Structure formats: structure tokens, C-alpha cells
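As C-alpha cells, the structure follows; a few thoughts come after it.
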Amino acid sequence: MRFGIVVFPGSNCDEDALYAARDVFGQDAEYLWHKDADLKGADVLILPGGFAHGDYLRTGAMARFSPIMAPVRAFAERGGPVLGICNGFQILLEAGLLPGAMLRNRGLKYRCEHVYLRVEQTDTPFTSAATAGQVLKMPIGHGEGNYFAPPEMLKTIEANHQVVLRYTDPQGRVDEAWSPNGSVNAIAALCNDARNVVGMMPHPERACEALLGGVDGRVIFDSIVRSPKGFALQGIGRRLQPSQTA
Amino acid sequence: MRARVFVTLKKSVFDPQGRTIVDALQSLGYQDVVDVRQGKYFELDLATTERAHAEKLAAEVADKVLANPVIESYRIEVD
Amino acid sequence: MRARVFVTLKKSVFDPQGRTIVDALQSLGYQDVVDVRQGKYFELDLATTERAHAEKLAAEVADKVLANPVIESYRIEVD
Amino acid sequence: MIDAKVLERHGVKPDEYERILAFMGREPNLTELGIFSVMWSEHCSYKSSRVHLRTLPTEGPQVLQGPGENAGAVDIGEGLAAVFKIESHNHPSFIEPYQGAATGVGGIIRDIFTMGARPIALLNSLRFGALDAPGTRRLLENVVAGIAGYGNSIGIPTVGGEIVFEPTYAGNPLVNVFCLGIAKQSDIIKGVASGVGNAVYYVGAKTGRDGIHGATMASAEFDDKSAEKRPAVQVGDPFMEKLLLEACLEVMQTDALIGIQDMGAAGLTCSTTEMGSRGGAGVEIDVSLVPQRETGMTPYEIMLSESQERMLLVAKQGREAEVERIFEKWDLHAVRIGHVTDDGLLRVKERGVVVAEIPNRALTDEAPEYHRPMSEPEYLREARQLDLDTLAAPSDQNATLLSILGSPTIASKKWIYRQYDHMVRTNTINLPGLGAGVVRIKGTDRALAMSVDGNGRYCYLDPRLGAMLAVAEAARNVACSGARPLAATNCLNFGNPERPGIMWQFAKAVEGIGEACRALDVPITGGNVSLYNETDGKAIYPTPTIGVVGLLEHADHVVSRRFQESGDAIVLLGEGRGELGGSEYLKVMHDLVRGVPPALDLDAERKLQALLVTLAGERLMRSAHDCSDGGLAVTVAECCFDTNGIGAELSIEGAGVSREVTMNTAAALFGESASRVIVSVVPEHVTTVLQRAAAAGVPARVIGQTGGSRLRIAVAGEIVIDQSADEAERVWATSIDKHFAHRVA
Ligand SMILES: Nc1ncnc2c1ncn2[C@@H]1O[C@H](COP(=O)(O)OP(=O)(O)O)[C@@H](O)[C@H]1O
Ligand SMILES: [Mg+2]
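Those sequence lines, one after another, are chains A, B, C and D.
When we follow my numbering, the leftmost residue of the first sequence carries the number 1, and every step to the right adds one.
When we follow my numbering, the leftmost residue of the second sequence carries the number 247, and every step to the right adds one.
When we follow my numbering, the leftmost residue of the third sequence carries the number 326, and every step to the right adds one.
When we follow my numbering, the leftmost residue of the fourth sequence carries the number 405, and every step to the right adds one.
Below you can see the structure in the form of C-alpha cells.
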């Protein structure tokens, strides 16, 4: 499997994503510079964490105009697996590849800590190796992870089972007190209607080695790595698209 | 010309910053401040002397870049 | 009454946010946007019907909480 | 046109002006005077401190770069170097806490990547007034937000630090920031200009009128007039710095550079003269070529501006295009503003006309140097008196323990470090809150541990001993993580050096640092001096903060403070002597800052640290925690925290320091004797551990075991502490949060 890690000016988890894919999971991985329009034959794209263009206006607001976003969009529309982590998630929202928007954390402060997450959907290319209801412990690090969608949009998202992970307590129960940011419906990760594009606030690449204090992030990489090459491309997502299952 | 763009969160969107400020003000004794909403404010210097063009430009920029329509609305003043 | 408070960085203070936005806009082809300064915008709901009191209150609150007098200045409108 | 008033405004003393006249052989113009004033300011010239700093040990086989460059560097094996330094940003942070702290972080990061190293970790050492005093929370919130805002977005993890609340810092908080980077030894690059005709480039943010006179401001006390200097605030732009960081590191890979330096204090002036002076060359620039943010800037303003995120570099002839291309890639435009000359002069032109011309030497090596008068301050005799027999020790030790655990200086700092991204770069293997910060080095088996420590209270009572204790504690924290301490950096925060009492504190502290660093074999590779930390004539406690860096040969041998399992033996390394002078106990329970700080036997300390490294290397200890602030009871309690409720039971002797039994009990529990560590050991390894300790000449004994859900401590056979570990943890974990509880959660 060949990973393409999109690098925007201000990305700062690009190296971490590359390291996880290449050194921890032994895959091919390459950086994709934001001014380029070439995906270099990537089978899977990661939009990593960071502060693209400084995130001064709104997180992700500027990055969506980068030249690379056109091929990224085309790749996603063809069903290619795309994972946005943290700032990458924010960029996917701003680019309209995922629905909704981010607000500042309820407590107004940046938070870096481990959180508990419940796996809601396993039919995405990034959660296929997990089991529904499984509780994962993973780090977050963000100041704007308070996910918001207007009521109608939220209804659709839930009806389509697009919520991939939710913040919970250690037992997997949704509890306001355990939400680090106040996200609506405790949403921590989301997929698109076609299920091939996933955005998540937690950082799986920070939880792939025991030395770093936990390996629960591996399941995200395992999911994509273990799927036969190309499977993700035409596979999971398409199969479960409502229009096709209907 | 100069355009001013005010971007505010839509009424239906909870504004944690505004809430925090109200709480802080009330604890400081400003009971008369009932509500606060925080938004963003931009001053644009535009290389044009035509009001219509300036308005169009500011609206385009606000639409495309300065505001996120999912959560925000904006207002423009040109002078 | 309602008061609007505009907080902007003092002219002499560097505004990296505004600069980044201008750069981005220009690279998107908006050459006519020559400069952008980013500020904050607050809408206050005040439990008073007296204009003078509203103005005083807004100014006090702006001074104390909304603006950082070291680097920012503010302007108030009441209606 | 240069009269007494102009000189005073520039902080240039009459005799210093005489020197300027002698160097110049004529009257300087205003631009030249401005240049002299910033270069000869305390901040840039170290004129009061240099004679003392010279006594510090700076050499050792591990040292690749000692003081004098932008940062120090040490050998960490496999051809790699650790590059690190600490800096203060106290004055700017008081004037504008968010931006002051943020630009402090920006500055120290530039110092590191300027050396060709990729920054991989940050620490900070903070001092504020009492947390419940008016103003402290706002200051704290903004300083922390500023550090977070800069470090988080540039993507360098803040892996540790320390923070102390003490009334002495109310009007003069301390913000010291430390950064560490990694470089290939062969890639280290210096701040030199050489090679006549080589191009001098300016890159980064445009120059504005910010911070003009910042360097002189850092050298003046606070008073009511500081308000007028306020426009001197600079705003940080971490995004610009991130671009600079990536672009500079990429340019350095090409070997097209001769030298590079960031523009920090005294901006363009300092970088041009220092680079010229290090290279034994001259630098000529034309200020009209300098990218400017505002119109109508004068040469004076351009030369003295302290706009952030700017670099000066010298490129090899013929390689200019290469350099320019890399900066373009990052949307930065390197501008050629001058060239290197062979005349040893700083020559500044404006549109071709010379507006300033000064020998580099006069601005650097020949800057004034003072042997300022010193004398032991009077407060000391009284403050060092401590008669424990006159104090009534509270008899409820459970309540005392909770009071100390809840004291903001001791309590968990999670509220703070949770705001710092401490995991980015996926190297952090000892998170903040668990002891020294430890980061692994990818591509090797190794890891680096680092800690910053300082105790102003001890230094107030005995600056020499206090400084030694700071070195010992920082190195001990590093050793507790299993790493061998390699070298140190220091930030010396003191009052007005023109007062003999302050100068005496300074000299004694430097003596203490030197002695401890020599004994523990951690040479000083760099640092920073911050003087004039006073408000309305009242100085802060003398506060040297020490950063120590250590090496773990095997990253997975890292040890944290947390107990790992129930049923492990708790071993005390070192010996308690019930020393309460300057302790947290005296402060919290008796509101006293008195007595003499704990004694320090450097030989015993060295042996202890060596033993810790051995035990970690043989994987004989499961946890290790330095026993200092708050004493043994607090230390053991902290070992129980974040363990999912592992308790402990132990038994120790009383101290013989008072006629009262309760005071002897309190002294045993809360005394802060140095060179002690609480270690937990699997039962089958206890004998080996005790043998290793005996062989190393370190006192060691089993004082109890882990397990249960309570913390129970018997002193002299009587159980005096018995409480739920969870409850103790709650007090410790929520103390700082509670002060911010009125905010939305
Ligand atoms: N300002 C801070 N920033 C980051 N981490 C901090 C800060 N203050 C304290 N910590 C972390 O909290 C823990 C306890 O700090 P301290 O009480 O100084 O430890 P020690 O007793 O080991 O010197 C350490 O791991 C330290 O890194
Ligand atoms: Mg400490």
C-alpha cells in the first residue's frame, strides 16, 4: 500500500504520519507538497495534523485552496480512501468533503491528553479492522475540535451512520463530562456519505507504539493496510453507499 | 476604498467565547450585560474607487474565505 | 440596548493574521485586496434603555475585558 | 546634538560615552549611538555578569559547542549532537503576557535551528505571584496560552517544565523557555560571516517599528514609566517561523551557507556585528534594501527594530540562486542586503550613503565589563535564623499532607501542560507530569532526558547553596528517568546588579552552579542572564534556573515516577535529616521563608546519580522519583498518583531536630533533605538493588511496600498518615483547576 501524506505549509504531524505508515507499518509512503497537483500514485491519502497556513482565520480555511486539493477531491470522488487527522479533518470540513464545521473547544483551551473513543462504524477503510463498540484510547491535541452541524445536517449524518468514533468514558458510555471539547453528539470522527473519506480529531499516529504509551491507534492503520491493495479504492465505501444498497 | 466585514456565528450556533465573557463579566459585577456574542472583524483596503466594485469584491471574499457558511453569517460596510 | 464593540490591533502593532489572509487572497487572484487587518467584534445585549449608561458600560467592559490596551484599541457603537 | 538627555534616554552612562568617543575618534551620530546603546546594554553585553560567568566550567569530552554561539551542543553518540539552550522573556511577558511568552518561545527555537539542529522539545520554567493574588490568574492564563499558541502551532512538543507560585514574583513574573534540537555533528553551522564579497541575506518577516529599544528595556527595572514603553510589544507569528524553520534546515542541507544567525534582541544590529565579529570580518549592509512593513522608517529604527521571525545569513559565492530557490519554495523571499568585508567594521548605508560605521570589536569584545561592588545583604542574618522549638507543629499530619499537596507549587500541573502539545513528533516517552521529559531519537535506540529546576526560596536564603541544589535537582531528575546527565544550561534571574546585595547574590549563585556542575560533570554549554527583575525597587528572590540534558542509551529503559505494581518494595536511596529550612512545609503551614536550605554533599549526589543510571540500565527499578519539594511524604504520595489507585505503606524514623515529637514527625515527613530518591523494586530484585547501592556507596533501605488503596506512613513506629490515596490524589489533581472554576468548564 502506498500512502500519500499531504504537506501544507504549517502542517506539523506530516512526519509523524509518514513515520507511522513507513516505519511502523512498513508501507510505502511519500510526501505530497501542497503546490503540486500530482498524487504520485498514492493508494491512500492522509491529510495530517498541524496548523496549515497558520490557521489564523479558521482552522483549515486556507488549505482548501491549495492546488493539491483538486486532485485530492477527484481521488475522493473516485472512492479513494482519504483520512484527515486533526487539522486534516478541519481541512476536509472546510473543503466540503465532509459535512459540518469546527468551533473552538467548549473550554476555549487547547487540550492535549488521552481520550476514550467508541468505534461506531466498521465499514470505512479506516475502521474495518475494529469491532463495533470497541473502546480505544488515543491522544488528542487541538483547540478547535468542537464539531458542529446544524440540526438537519446532523440528522442526516446520524441517519446515514456517518459517525465513526464518539468520545466516551473508559467504559464506552457517552458522557458529557468525558468530552474534551463539547462536540455535538460527542462526535470525534466522521465519514462521508460514500464512507471512503474519514476525518478524526484524535491522533492514531501517536498511538502505534508501546513506547509511546499505547497502541490503540494501530487499528486505524491496520484497517487500511490489511485491506488488499485496491480493495479500499473500489471496495468498502462503494458497497455501502445508500444509493447502491437500496 | 475600504470595506469592513463583520463575521458572526449564526444565532443557532452556541458561542463558547461569548458565553465565557458574559460569565466573567457577571462575576465582575456587570449584571447588566445580559449577553455577548463574539465575532470577527476585518478591514480590507481595496485598490478600487468604485463603490459597486468594492462591494462585489468584499462580498466575494467574505463568501469564499472570510466566513464559513455552515456556522457563520456576515455583513459588509463599504466607505 | 445593544452595543457593538470593535477591537483592532493598534496601527503600530504587527498583525500576522491579517498579513496571512492578504497573502492568501492575493494568491487566489484577488490582487485588488491590498491590505487586511483582522480584529474582534462583540455584540453586547445590555439591560438598560439609557444610551448614556449603555455607552459607559460598554466602554468599561471593553477597557477591562474585551480589549487588551497594550496592543489593541477599540471603538463602540450603541443603538 | 548628543547631550546628557539623549544619553540617558539610551541608558548610556557618561563614562560609557567617553569610551564610545575613544573608539570612534569622533562624536557618533544618533544611529551609531543607538547601535552602541543596544549592544552595550546589559542584555546584549553581559557587562555586569561576564566576569562571573567566565568562572563556569564549560568543557568536557562531551561538549561540542560551549557558550558563545547561539546555543550549546553536546555529543550524544552515533554522530549526533543535542543542541540546547534556555532563555528568559520576563519583562516582555509582564508587559504583554501572551505575546511576551509566545515570542520568548519563538526566540529560543530560532536559536536552536540557527545551529542547524531540528528542534524536538521545549521546556519552560515559570514563576508567578501567589495563585490567589489579584492578577496572577490572568497572567498565568495568558503566559501559558502564549507558550502553547507558539509551540503547538510550530509543532515542537513541550515535554516538561516547572512552575512556582510565590509572592516575590507578583510584580515580576519569570518566563524562562528551553529548547532542544538534534543535529548531525557534521551539520552544525555557526553564526559567522566570512569570505570577502559573500552575500549577506535577510529572510523572514518584514521589519517594523516593533520592540525598538527592547534590549534596553530588558535591562531596566519596572516602574510606573514602563507603561510608556508599551508600544515595544512584539507580536509573534508562529506560522512564519515554521516556514523559516523548514526553509533554513533545507538550505543548510546544501552546504551553500557560511553562517546564519537569528535576529533576536537588538535585531539587525546584533546579528550583523556578532556574525562579523565571530568571523573576524566586517559586514556592510544597506538598510534601504531591508524589507519594511511601515513607511518612512529611519536607519536608526531599522537597525534597532526587534521584529520577530527574521534571520540573517551569509551564502557562499556562486550558490546564491540555490539559496534563493529554497526560500521561494516556502514562499519566503531572501533579500540580499549587503556583503562581507575584510575591514572589521559594521558599515550601514542608506541608499548608498554611509549612515553608521563602527568597529565590530567595539560593539562586542570591547564592550564594557564591570566588576560591580558586592556585599552580603543584611536580610540574610535574620532570615537564616530558624528555631523550630518556637513553632507549634500541627499534630494532624493527614491534614498537613493534604495542605501541602494542594499548594499550587506542589499540586499537579496538568491544567498547564494539558494546554501544550506534548506528543507531536511522536517521540515523547515520558510525558509531562511523570518526571524529566524524555524524547526518543528516531533512527537510533537512544533517548534524551531533560529537566529544568530552580528554587528561589533556597537561593534567597543561601544563593550559593540554592544554586548548587538547583543543579543537583535538575541532574537528579534526569538520572531518575534512567539517563546519564551530560551537560547543563542556565538562566540567571536576578534583581538590579547595581546594588551590591544583588550582585553578591549573583556572584554566589554562579559560584554554586560552577561547583555543582564541576562535581557532577555537567558542564555549562550556554545560558542567559536576566537582571533588573525588580518592581518599585523590590527585587525578586534570586532565581537561577538550571536545565540539564541526559542520555539514555536504550530508550525502552526509561523510568517514570509512577509505582507500577502492588507488592513492590519501596526503597529510599539517600538519607533524610529532617531539614526544614526554606521548605514548602514551613511556607504552607507556618507562613515562613526561613532557615538554611538543606545541605548538599556533592560527592554523595554524584554517587546517587550514577547508581540511578546503573539501576535503570539493569532494569532493576520500576519507578524512581526525586524526593525534594514537600519532602518524603509528598514524594511517595506522588508516586501513587496516576497509577489507578496503587497505595503504599511505609515506616520511617522521626527526625531529631526539635524538642517536640510532632515537629520531629513533621520534619521526617516533610523535610527536604537533598540527594534522596524513592525507588520501587520488584521483591526479587531488592537484594541486588541494595548490593548495587552498597557498592556505589549510597545509603539505601527498604522503607515499605506498594499496594492497597491507602497511603499509610508510620513515623517512629506510630501511624501518622493514613488516608485514601484517591482522596489525596483528588486534592493534588484539582488544586490549580479550582482557581479557574468560575470559567466555563
Ligand atoms: N510549566 C510546566 N510545563 C510543563 N510541564 C510542567 C510544568 N510544570 C511542571 N510540569 C511537569 O510536572 C511534573 C512535576 O514538576 P516538578 O514538581 O517541578 O517536578 P520535580 O519534582 O520532578 O522537579 C514534571 O514532570 C514537570 O515536567
Ligand atoms: Mg522541580
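Virtual Cβ for every residue (Gly too), placed ideally from N, Cα, C.
From a predicted model like this one, the values you see are computed outputs, not experimental measurements.
query, result
"Closer than 7 Å: L1006/D CB and nearest ligand 3 heavy atom", "The model depicted lacks ligand 3 and carries ligand 1 and ligand 2 instead."
"R73/A at chain B interface by Cβ criterion, 8 Å", "no"
"Closer than 9 Å at the beta carbon, the chain A residues around V311/B", "L57, A61, M62, F65"
"Coarse secondary structure for S227/A, derived from DSSP in three states", "coil"
"Close Cβ partners of T247/A (< 6 Å) along its chain, the five nearest in sequence each way excluded", "Since the first residue of chain A shown is 1 and the last is 246, residue 247/A is not available in this structure."
"Within-8 Å CB hit, G612/D to chain F", "No chain F appears in the structure shown, which is made up of the protein chains A, B, C and D."
"When I1082/D, F1144/D, S675/D are compared against R514/D, the one with the closest alpha-carbon", "S675/D"
"Within-8 Å CB hit, A384/C to chain B", "no"
"7 Å Cβ shell around R423/D - same chain, five flanking residues per side excluded", "P772"
"Beta-carbon separation (whole angstroms), D752/D vs I689/D, contact threshold 8 Å", "Before going on, a small fix: residue 752/D reads as Val here, not Asp. Confirmed, Cβ separation roughly 6 Å."
"6 Å CB neighbourhood of I1079/D in its chain, flanking five on each side removed", "According to the sequence displayed, residue 1079/D carries Ser and not Ile. Correct list, in chain order: G978, A1008, E1009, L1012."
"Test item: CB-CB of P571/D and G533/D under 8 Å", "yes"
"CA nearest to the CA of M973/D, picked from R723/D, S1027/D, R1063/D", "Note that residue 973/D corresponds to Ala in the displayed sequence, not to Met. Cα-wise, what sits closest to A973/D is S1027/D."
"DSSP three-state assignment for W33/A, whether helix, strand or coil", "strand"
"Boundaries of the beta strand (DSSP E) in which P889/D is found, first to last residue", "888 to 897"
"A304/B versus V324/B: straight-line alpha-carbon distance, rounded", "9 Å"
"Same chain, Cβ closer than 8 Å to V727/D, five either side skipped, listed in chain order", "Y605, V655, T658, A660, L661, L717, A719, A738"
"Cutoff 8 Å: G96/A Cβ touching any chain C Cβ", "no"
"Chain C within 8 Å of G213/A, Cβ atoms only", "no"
"Chain-ordered neighbours of H53/A on chain C, where CB pairs are closer than 8 Å", "T345, A349"
"A631/D classed as buried or exposed, judged by whether at least 16 other C-beta atoms fall within 10 angstroms", "Interpretation of A631/D is limited by its pLDDT of 40, a score under 50 that renders its predicted location unreliable; no figure is taken from the coordinates."
"Spatial neighbours of E1133/D in its chain, beta-carbon cut-off 6 Å, leaving aside the 5 residues before and after", "F1045"
"Residue-chain proximity (Q503/D, chain C), Cβ-Cβ < 8 Å", "yes"
"Sub-8 Å separation of L530/D and V563/D beta-carbons", "no"
"M1025/D classed as buried or exposed, judged by whether at least 16 other C-beta atoms fall within 10 angstroms", "buried"
"Alpha helix (DSSP H) segment containing L1054/D, residue limits", "Per DSSP, L1054/D belongs to no alpha helix (DSSP H); it is in the beta strand (DSSP E), 1052 to 1056."
"Element boundaries [alpha helix (DSSP H), containing E1131/D]", "1129 to 1142"
"Rounded Cβ spacing between A37/A and P71/A (contact assumed at less than 8 Å)", "6 Å"
"Supposed contact pair T1069/D and V1124/D - C-beta distance, whole angstroms, cut 8 Å", "6 Å"
"Reduced DSSP secondary structure (H/G/I, E/B, other) of K588/D", "strand"
"T345/C, DSSP secondary structure in three states", "helix"
"Boundaries of the beta strand (DSSP E) in which M138/A is found, first to last residue", "135 to 142"
"Secondary structure of Q90/A, DSSP reduced to three states", "helix"
"Where the alpha helix (DSSP H) through T254/B begins and ends", "Note, T254/B: premise wrong, no alpha helix (DSSP H); beta strand (DSSP E) at 248 to 255."
"Residues in the segment 352 to 365 of chain C having any Cβ partner in chain B nearer than 7 Å", "Y355, D357, V358, V359, D360, V361, R362, Q363, G364, K365"
"Enclosing beta strand (DSSP E) for A851/D [first to last residue]", "851 to 857"
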